[in-house]
Amino acid sequence: MNSTATIRIDEWAKLTGVDVEIWQRNRMIRRGRVEMASSDSRLAWIMADGIETRTLVEKSQGHVIRISIRNTEMFSQGVKEHPGKIDVVLYMGG
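Residue numbers (our numbering): -5 to 88.
Here you go:
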């Protein structure tokens, strides 16, 4: 069984160029790279990739962005800069 630990990031404005997972209603709906995000972190554009089109995600629509903690630099930076704004969740997959 594989496990992938991800962290929820609320500061979307800092995620430009980062590979992320998009979640809605407690399920992952898309993986992709953040092309740009609004300065207030309410909106983010996910780049087109293969058959996936460019996608707008919005906090007001219940979207959540998570990143893999394998990106340890981002994880360390996020914990230092945003204490209390990051939650760590372990997802078990097969």
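Here a beta-carbon is modelled for each residue, glycine too, at the ideal position from N, C-alpha and C. This one's a predicted model, so the numbers in the text were calculated from it and none came from an experiment.
Just reading off the beta strand (DSSP E) that residue i is part of, what are its end residues?
i     : result
Ser62 : 57 to 62
Val28 : 21 to 31
Glu15 : 13 to 18
Assign residue i to buried or exposed, taking buried as 16 or more other Cβ atoms, counted over all protein chains shown, within 10 Å of its Cβ.
i     : result
Arg21 : exposed
Gly26 : buried
Arg60 : buried
Thr0  : buried
Suppose you measure from the CA of residue i to the CA of residue j; what does that come to, to the nearest Å?
i     : j     : result
Thr10 : Met41 : 10 Å
Val28 : Trp39 : 6 Å
Asp13 : Ile45 : 17 Å
Ile23 : Ile63 : 19 Å
Glu52 : Lys8  : 15 Å
Arg2  : Thr47 : 23 Å
When the distance is taken between beta carbons, is residue j closer than 8 Å to residue i?
i    : j     : result
Asp4 : Ser54 : no
According to DSSP, what are the bridge partners of residue i?
i     : result
Leu50 : Trp39
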